[in-house]
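Okay, so here's the structure we're looking at.
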Amino acid sequence: MTSGYAIVAVLVVALGTILVGTYGLRVSRTTSDFYVASRTVSPWWNASAIGGEYLSAASFVGIAGLIFAYGPDMLWFPVGYTAGYLVLLTMVAAPLRRSGAYTLPDFAEARFRSRGVRAVASILALAIGWLYLLPQLEGAGLTLNTVTGAPDWLGALVVTVVVTVNVMSGGMRSITFVQAFQYWLKLTAITVPIVFLIIAWQVHGSESLTKPEFPTFRQDTEVSFHNQTMIHAEQSIFIKGTGEIDGTHIENTGLVLTDGNHRIGQGSEFTFPQGAPVPHVSTMAHNTNAMWALPESSGQQFPLYGAYSLIIATFLGTMGLPHVIVRFYTNPNGTAARRTTLIVLGLLSVFYLMPPMYGALGRIYTPELLMTGQTDAVVLVLPTRMIEGIGGQLLGALVAGGAFAAFLSTSSGLVVSLAGVLSQDVLRLGGVRGFRISTVLAGIVPLAMTFVSTGMPVADMVGLAFAVAASSLCPLLMLGIWSTRITKVGAIAGMLAGGVPALTAGLVTMFTDTGDAWYEVLLSRPAAWTVPLGFTVMYVVSLLTQRHVPPGVQRTMVKLHAPENLGLDGSGPSSSDERS
Amino acid sequence: MTTPPPQRPVPKPTQRVVVTSPRTRAPRARRPYSGTREINEQSELGAVYMRTLIRAQRRLGLSVCLVACGALGLLPLLFSIEPELGKFRILGLGLPWFLLCVATFPMLLLAGWFYVRQAERSEREFAELVERP
Numbered sequence: 000m001t002s003g004y005a006i007v008a009v010l011v012v013a014l015g016t017i018l019v020g021t022y023g024l025r026v027s028r029t030t031s032d033f034y035v036a037s038r039t040v041s042p043w044w045n046a047s048a049i050g051g052e053y054l055s056a057a058s059f060v061g062i063a064g065l066i067f068a069y070g071p072d073m074l075w076f077p078v079g080y081t082a083g084y085l086v087l088l089t090m091v092a093a094p095l096r097r098s099g100a101y102t103l104p105d106f107a108e109a110r111f112r113s114r115g116v117r118a119v120a121s122i123l124a125l126a127i128g129w130l131y132l133l134p135q136l137e138g139a140g141l142t143l144n145t146v147t148g149a150p151d152w153l154g155a156l157v158v159t160v161v162v163t164v165n166v167m168s169g170g171m172r173s174i175t176f177v178q179a180f181q182y183w184l185k186l187t188a189i190t191v192p193i194v195f196l197i198i199a200w201q202v203h204g205s206e207s208l209t210k211p212e213f214p215t216f217r218q219d220t221e222v223s224f225h226n227q228t229m230i231h232a233e234q235s236i237f238i239k240g241t242g243e244i245d246g247t248h249i250e251n252t253g254l255v256l257t258d259g260n261h262r263i264g265q266g267s268e269f270t271f272p273q274g275a276p277v278p279h280v281s282t283m284a285h286n287t288n289a290m291w292a293l294p295e296s297s298g299q300q301f302p303l304y305g306a307y308s309l310i311i312a313t314f315l316g317t318m319g320l321p322h323v324i325v326r327f328y329t330n331p332n333g334t335a336a337r338r339t340t341l342i343v344l345g346l347l348s349v350f351y352l353m354p355p356m357y358g359a360l361g362r363i364y365t366p367e368l369l370m371t372g373q374t375d376a377v378v379l380v381l382p383t384r385m386i387e388g389i390g391g392q393l394l395g396a397l398v399a400g401g402a403f404a405a406f407l408s409t410s411s412g413l414v415v416s417l418a419g420v421l422s423q424d425v426l427r428l429g430g431v432r433g434f435r436i437s438t439v440l441a442g443i444v445p446l447a448m449t450f451v452s453t454g455m456p457v458a459d460m461v462g463l464a465f466a467v468a469a470s471s472l473c474p475l476l477m478l479g480i481w482s483t484r485i486t487k488v489g490a491i492a493g494m495l496a497g498g499v500p501a502l503t504a505g506l507v508t509m510f511t512d513t514g515d516a517w518y519e520v521l522l523s524r525p526a527a528w529t530v531p532l533g534f535t536v537m538y539v540v541s542l543l544t545q546r547h548v549p550p551g552v553q554r555t556m557v558k559l560h561a562p563e564n565l566g567l568d569g570s571g572p573s574s575s576d577e578r579s
Numbered sequence: 000m001t002t003p004p005p006q007r008p009v010p011k012p013t014q015r016v017v018v019t020s021p022r023t024r025a026p027r028a029r030r031p032y033s034g035t036r037e038i039n040e041q042s043e044l045g046a047v048y049m050r051t052l053i054r055a056q057r058r059l060g061l062s063v064c065l066v067a068c069g070a071l072g073l074l075p076l077l078f079s080i081e082p083e084l085g086k087f088r089i090l091g092l093g094l095p096w097f098l099l100c101v102a103t104f105p106m107l108l109l110a111g112w113f114y115v116r117q118a119e120r121s122e123r124e125f126a127e128l129v130e131r132p
């Protein structure tokens, strides 16, 4: 679906992002401006910025793709991404802001007065950030590939360059403007097309989405396979075209694809007849549309464990994402931090109404993606497929622009926070120059990783980043804020006990083929066992090492929990200074 | 307002009325009152003040979280125990779709709004407590 309009849209988004960023450059001058926008951002700006930053490739294209392929079990992704903010609001928003630190390692040091805790938190924040950046870059590659046919690495390169230049020149102040702009752009880009798509669906006779039949081709459909693919056909289909099936090469002739599994060679192009049931990737569950619409239809082993693990990872992981946390320091005080979070909850709720609709319509209009396995492309392909002519192309361009905005904004936020951690904790370079060097490094590492990574699904990797955050940084924040008993030793032990297994489990699933082994789900969805592990180890080890409770913990607690306007800082008798 | 209504100049015998200054919470210069000083000086009483605030906020946060997330967390179990529930339809949508796509978000927002209101209230009460001379 190469389209000139889509290329223009992607270019406009990239240039617009740079322009808005340059505007920010004029107003950001000091080091403090660079890191946290001098803490003068209003709740609405800040909330839009958080929304813009948070709605990533996984939200914009990934969720719709997963729902399209696996049904309502995947609705836990949008629900979890939103509910994570309720947990963040109720447990950490205000104290986190009141801690007055710039980054998560700063919080760790302020709370525990320990370089050790800080170092472990820094390493985990870096690991989570890079894990999260990788799927953004791969998603950008996929989008550019779908709309223009450009090679996969080009999208990743474009995103890295735009983001790095932008962050280097403007810092966080400009990023706040950019991010706020990106949220509204993304909301428009996903809402306007779905309105037209639903009208089109009604005009086409509002065909039922849950018929007791397999998805079928609506017209003769030409499908190209970019990769070698194992597909499963439900019944024999007569196909035509050029390519390789089960090792046999055919050249522009017809062939009966018998029911069962077949291996389609890379670069094959076949035309499938109208009305035939769509074969699908062999690893997907064999579902009619009616079965697809029911819970536990994804064909996963131990669906209940999988669902709960996903719930735990997303509900608790949000607060541990470095780019989300850094936003809280731009609120003027704890009360504003809470209000900002509440607004974010509203903004996300509106956005997440849309992706499931794309997923459901995809079952009728773009079923061939079930066969090529490019389910993430459903949002991008639907508009041009459902609406004929220039209207569909313009809507397709809007969606492509929105998707690109998603990659740009999330990557920007991640690069800002990673650069903060890198310059303060790893390179130990202060000032604006240190921040700029760190920015380049923060962008280059994941770009290099995209060349060696093995092309795992976008949503899986994002889920992994959430699981690692939930198992390591979430216990640090939750227990650190609400309990005075946590010690340095306990904090370090807990972060490692939760974070290391989660990270290892994820890397094993990504780089090796665990296949159908019974423990596969324990590795691909580790949160349900690593999160309790992290919490328990942190608390128990702390109880065993009570002699190492950090000094001045009561004062820290005053700082974290007392409203700012009371002149309470717990810093001793001389604190009668009321100017704040 | 406990002051008597102002006297109109009707009655003959001139009276003297004592007017006390009404206690208002209007802005006044803030000085460290005893509660703030207790906390800043790390006294036992100050620690009690802080513990009360932290406990109240922790209980509020945990209960809002547990009610909202707990309600959501029951759903997978429910659909697993009683698969027939998945076929039930509301407003033309299957029950899981209705609950997770439509009903969840207003519920989360309501929970968040309630939490913000209560948390700000308990901070106000804390402020009144420690600023009392």
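Protein sequences appear in the order of chains A and B. The numbering of the first sequence is numbering that gives the first Met the number 0, which starts it at 0 and goes up by one. The numbering of the second sequence is numbering that gives the first Met the number 0, which starts it at 0 and goes up by one. C-beta: ideal position from N, C-alpha, C; glycine also.
{"Check": "Simplified DSSP state of PHE271/A, which is helix, strand or coil", "Outcome": "strand"}
{"Check": "Spatial distance of PHE350/A from LEU186/A (CA atoms)", "Outcome": "6 Å"}
{"Check": "Listed by chain order, chain B residues near THR89/A by CB distance under 7 Å", "Outcome": "GLY60, VAL63, CYS64, TYR114"}
{"Check": "Rounded C-alpha distance that separates GLU137/A from ALA447/A", "Outcome": "12 Å"}
{"Check": "Cβ contact check for the region 123-141 of chain A and the region 44-58 of chain A: 3 or more pairs under 8 Å", "Outcome": "yes"}
{"Check": "Nearest to VAL166/A (by Cα), restricted to the options VAL415/A, VAL548/A, LEU184/A", "Outcome": "VAL415/A"}
{"Check": "Contact with chain B by VAL78/A, beta-carbon distance below 7 Å", "Outcome": "yes"}
{"Check": "Minimum Cβ-Cβ distance from ILE89/B to chain A less than 7 Å", "Outcome": "no"}
{"Check": "Chain-ordered chain A contacts of LEU52/B [CB-CB under 8 Å]", "Outcome": "HIS560, ALA561"}
{"Check": "C-beta atoms of ARG96/A and ASN330/A nearer than 7 Å", "Outcome": "yes"}
{"Check": "C-beta neighbour in chain A for ALA55/B, strict 7 Å", "Outcome": "no"}
{"Check": "Straight-line gap, PHE125/B to PRO549/A (C-alpha atoms, nearest Å)", "Outcome": "26 Å"}
{"Check": "Where the region 85-110 of chain B meets chain A: residues whose CB sits under 8 Å from a CB there", "Outcome": "GLY85, LYS86, GLY93, PRO95, TRP96, LEU99, CYS100, VAL101, THR103, PHE104, PRO105, LEU107, LEU108, ALA110"}
{"Check": "Close Cβ partners of MET49/B (< 8 Å) along its chain, the five nearest in sequence each way excluded", "Outcome": "ILE38"}
{"Check": "Within chain B, partners of GLN300/A - CB distance below 8 Å", "Outcome": "Within 8 Å Cβ-Cβ: nothing; GLN300/A doesn't reach chain B, min ~14 Å."}
{"Check": "is_contact[PHE314/A, chain B] using C-beta, thresh 7 Å", "Outcome": "yes"}
{"Check": "DSSP state of ILE89/B mapped onto helix, strand, coil", "Outcome": "strand"}
{"Check": "Three CB pairs or more closer than 8 Å across the region 322-329 of chain A and the region 148-167 of chain A", "Outcome": "no"}
{"Check": "Min CB distance PRO12/B to chain A below 7 Å", "Outcome": "no"}
{"Check": "Neighbouring residues, chain A, relative to LEU134/B (Cβ below 8 Å)", "Outcome": "Because residue 134/B is not part of the residues shown, which for chain B are 0 to 132, the question remains open."}
{"Check": "Opening and closing residue of the beta strand (DSSP E) in which LEU565/A lies", "Outcome": "Where LEU565/A is concerned, there is no enclosing beta strand (DSSP E), given that its DSSP letter is neither H nor E."}
{"Check": "Cβ-Cβ separation, LEU475/A to MET494/A (assumed contact under 8 Å), whole Å", "Outcome": "6 Å"}
{"Check": "THR334/A: contacting residues in chain B (beta-carbon distance under 8 Å)", "Outcome": "GLU119, GLU122"}
{"Check": "For ILE480/A, the nearest candidate out of PRO355/A, GLY533/A, VAL457/A, VAL91/A (CA to CA)", "Outcome": "VAL91/A"}
{"Check": "Between the CA atoms of PRO211/A and MET556/A - distance to the nearest angstrom", "Outcome": "59 Å"}
{"Check": "Which listed residue (ARG338/A, VAL380/A, PRO278/A, THR438/A) has its alpha carbon closest to that of ALA402/A", "Outcome": "VAL380/A"}
{"Check": "Buried or exposed (CB count within 10 angstroms, at least 16 for buried), GLU127/B", "Outcome": "exposed"}
{"Check": "ILE311/A - DSSP class collapsed to helix/strand/coil", "Outcome": "helix"}
{"Check": "CB of SER408/A within 7 Å of CB of GLY128/A, strictly", "Outcome": "no"}
{"Check": "For VAL91/A, three-class secondary structure by DSSP", "Outcome": "coil"}
{"Check": "Start-end ranges of the alpha helix (DSSP H) lying completely within the region 443-524 of chain A, minimum 4 residues", "Outcome": "457-481, 487-510, 519-523"}
{"Check": "Whole-number beta carbon distance between TYR114/B and LEU52/B, since they are thought to touch under 8 Å", "Outcome": "With 8 Å as the limit, LEU52/B and TYR114/B do not qualify as a contact, their Cβ atoms being about 16 Å apart."}
{"Check": "As assigned by DSSP and simplified to three states, the class of GLU367/A", "Outcome": "coil"}
{"Check": "Residue-chain proximity (TRP580/A, chain B), Cβ-Cβ < 7 Å", "Outcome": "It is not possible to answer for residue 580/A, since the shown part of chain A is limited to 0 through 579."}
{"Check": "Listed by chain order, chain B residues near SER348/A by CB distance under 8 Å", "Outcome": "PHE104, PRO105, LEU107, LEU108"}
{"Check": "Three-way DSSP call (helix, strand, coil) for MET0/B in this model", "Outcome": "Here MET0/B scores only 44 on pLDDT, less than 50, and its place in the model should not be relied on; the value that follows carries that caveat. Here MET0/B sits in coil by DSSP."}
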